[in-house]
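A.B. asks: Per UniProt numbering, the very first residue in the sequence shown carries number 1; after that it's consecutive. From the three backbone atoms N, C-alpha and C, an ideal C-beta is built for every residue, glycine too. I'd like to ask you about the structure that follows.
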Amino acid sequence: MPSSAGPSIDTITEGGRVTQVGEGQEAEESAPQVMTFGAPTAGEILAERYELVEHINNDSAGRLVWRGVDVILRRPVAVVLRYPGGGSATEMLQGAVAASRVIHPNLVGVYDAIDEAERAYVVREWVDGQSLRELTAAGPLDPARATTIGNAVASALAAVHATEMVHGNVHPGTVMISDDGRVVLADARTDGADSQQSDVRAVGGILYFALTGHWPHAEAPLRGATAGHGRAAIPDAVRDASGALAAPRQVRAGVPAYLDDLTMDLLDAEIEPPSSDVLAAELARLDVSADEQFLDNGGPLRFTADTGEEPSPLAAAGGRKVAIGIAGLLAVALVGLLIGISTLGGDDSPQTNPVAAPSSSAPTDEATPAAVTAGPLKISAARIIDPQGDRTEVRNADKVFDGDVDEGWETQTYKGRANFGNLKQGMGVWVDLGGEHTVKSVQVILSARGASAQLYAGATDRPSSSSGDAQLFADYKKTAIGQPFEEHDGTKMTFNGFNADEKYRYLLFWITELPSNDGGYKLGVQEITVQGS
């Protein structure tokens, strides 16, 4: 993503809760001086939508990082503001626009980019959680969790690289782990020295840091950071007298040999790294059962490559120096099968899940069956969820899965504002798949462009009443599927980001903003289709 403007992600504590802020100098004397004209104030509403709540800090380039609230969608946001705007903010805004076009569950969402001349600002997702740097403060992570984080970062990079862009800022401060366990890569700020290859090598650094608590590139601090900030604040890796990097297994016990080799290969400048999609596919092949997701430091980590059952894309075929070169040959085959990428544009076709499901390496007495191909799943029932409504808009829910895109369910016409006339927080269509299934994607066909919506999943089927609807929405919004569609300019929304290891039965398509229609705001949901097995 061609921007050097967005701040890196770090964490601070607010009343015991760790939240996303801009990493870098916190209004130190060495921070760039900024003009006072156009300075924001608490309580101010930008673009008639984003209320500034609290100034968090200034990043290393002098940009102001604020915690804010989207008053229309009623959700927290991070606002990165620079003043003056105009030409001085062009790179920041262009980078934000580029970042917003890549939708992936492991990338921080970018919602808006606005230039008002006297100032410019980028509005993005607010993440409640910890950076990887903060997470390892108490000690290195177990191999299973480190690999899960590495896989998420590689998957995010694969989505970025598929658009021929570069991230350029992968380090423990820009890898966030949210309170609900989601791993998010934030703040691309590439320059001419960055490449997709350097992004992939940085995943090796992430693995090394997660496994050891030390950063193998401390000699290359974060651009613009001073001592105590950015990469410069991360402990350097253990090295011998000649300066050679010690392998993770030499630093601590319990690191599997294959994970150790893979990490060191990614850090070896003499070895050609694989593409990000191949690396993500390899990390997804880890055979770790659900009850072993958080192993002790000395616990085992099994790879399918070790069993002989199914060769790994990076399996050693002549020593580890050869393994990654072999993996590069498998990139074409693995791209379509193992990496799901959603970009805003003209392609409305359903997409595959962004992370490959781990394969089982347990021996069986019978031949391994062929992989189940995803196909259409039958929706057995649908219901309109309207917690703050009067139940006058709940009819015709069955038309959203009758196979006829010309007929569907629609809202009433609301006046004044797109958020249901400011009368309710939203409405949704709840669907029942009739049983638990592995879900790959959900596509929703709408009657008009310009709607905003999100997809949620849940495990309850509450009575069809206003009180039941309110409780259902409260339960379901804890499990969001992928990124929300904000003011989507198409009539098809495709949701990916389902966990390949989980089964789903109930889904909720939740509408937060309606498109304009004959002097008011109105939307129809014409058809919902689900792909899975």
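Between Gly170 and the rest of its own chain, which residues show a CB-CB distance below 8 Å, the 5 nearest in sequence each way excluded?
C.D. replies: One point to set straight first is that residue 170 is Val, not Gly, in the sequence displayed. Hits under 8 Å: Val153, Leu157, Leu185, Asp199, Ala202, Val203, Gly205, Ile206.
A.B. asks: Between which residues of its own chain and Arg252 is the CB-CB distance below 8 Å, once the five residues before and five after are set aside?
C.D. replies: Here the set comprises Pro140, Leu211, Thr212, Asn297.
A.B. asks: Give me, in chain order, the residues of the same chain whose beta-carbon lies closer than 6 Å to that of Gly318; leave out the 5 immediate sequence neighbours on both sides.
C.D. replies: Interpretation of Gly318 is limited by its pLDDT of 35, a score under 50 that renders its predicted location unreliable; the figure taken from the coordinates is listed afterwards. Cβ neighbours of Gly318 beyond the five flanking positions: none.
A.B. asks: Would the segment 125-134 and the segment 165-182 be scored as touching if the rule is three or more Cβ pairs under 8 Å?
C.D. replies: At 8 Å Cβ cutoff, the stretches touch.
A.B. asks: Confirm, please, whether the CB-CB distance from Trp409 to Val429 is below 8 Å.
C.D. replies: Closer than 8 Å, so yes.
A.B. asks: Do you know how far the Cα of Arg124 is from the Cα of Glu270?
C.D. replies: In a straight line, the C-alpha of Glu270 is about 38 Å away from that of Arg124.
A.B. asks: Please list the terminal residues of the continuous alpha helix (DSSP H) segment that includes Thr512.
C.D. replies: Run containing Thr512: none in the alpha helix (DSSP H); it sits in the beta strand (DSSP E), 504-513.
A.B. asks: Can you tell me whether Lys399 is buried or exposed, with buried defined as 16 or more other CB within 10 angstroms of its CB?
C.D. replies: Flag for Lys399 reads buried.
A.B. asks: Looking at the strands, I want to know which residues DSSP matches up with Val429.
C.D. replies: Val429 pairs with Ile384, Phe509.
A.B. asks: To the nearest angstrom, how far is the alpha carbon of Val444 from that of Glu487?
C.D. replies: The straight-line gap from Cα to Cα measures roughly 15 Å.
A.B. asks: Tell me, please, whether the segment 412-421 touches the segment 498-518 by the rule of three or more beta-carbon pairs shorter than 8 Å.
C.D. replies: Touching, yes, given that three or more Cβ pairs across the two stretches are closer than 8 Å.
A.B. asks: For Gly228, which three-state DSSP category applies?
C.D. replies: Low per-residue confidence applies at Gly228: pLDDT is 32, beneath 50, and the placement is therefore not dependable, though the value from the model is reported in the following sentence. Gly228: coil per DSSP, three-state reduction.
A.B. asks: Throw me the rounded Cβ distance for the Asn58 and Val65 pair, which I believe falls under 8 Å.
C.D. replies: About 7 Å separates the two Cβ atoms, so the contact holds.
A.B. asks: Let me confirm a value: Thr41 is counted as buried when at least 16 other C-beta atoms fall within 10 Å, else exposed. Which label applies?
C.D. replies: Exposed.
A.B. asks: Measure the C-alpha to C-alpha separation of Asp260 and Arg74 and round it to an integer number of angstroms.
C.D. replies: Whole-angstrom Cα-Cα distance: 45 Å.
A.B. asks: For Thr460, is the classification buried or exposed, using 16 other Cβ atoms within 10 angstroms of its Cβ as the cut-off for buried?
C.D. replies: Flag for Thr460 reads exposed.
A.B. asks: Might you give, ordered along the chain, the residues of its own chain that have their beta carbon closer than 8 Å to the beta carbon of Thr136, omitting 5 neighbours on each side?
C.D. replies: Around Thr136: Pro172, Phe209, Ala210, Gly213.
A.B. asks: Determine the direct distance from the alpha carbon of Arg63 to that of Asp115, and round the result to whole angstroms.
C.D. replies: Roughly 14 Å separates the two Cα atoms.
A.B. asks: DSSP three-state label for Val525, please.
C.D. replies: The answer is strand: DSSP assigns Val525 an E or B state.
A.B. asks: Can you pull the DSSP bridge partners for His488?
C.D. replies: BP columns for His488 point to Ala451.
A.B. asks: Run the CB neighbour count on Ser195, radius 10 Å, all protein chains shown included, and call it buried at 16 or more, exposed below.
C.D. replies: So Ser195 counts as exposed.
A.B. asks: May I ask you to report which of helix, strand or coil DSSP gives Lys399?
C.D. replies: Looking at Lys399 - three-state DSSP - the assignment turns out to be helix.
A.B. asks: Would you give the residue range spanned by the beta strand (DSSP E) that Tyr121 belongs to?
C.D. replies: Counting along the chain, the beta strand (DSSP E) containing Tyr121 begins and ends at 120-125.
A.B. asks: Compare the beta carbon distance of Leu81 and Ala113 with 8 Å and say whether it is the shorter of the two.
C.D. replies: Result no, Cβ atoms of Leu81 and Ala113 do not sit closer than 8 Å.
A.B. asks: Using the Cβ count rule (16 or more neighbours within 10 Å means buried), how would you classify Thr392?
C.D. replies: Flag for Thr392 reads exposed.
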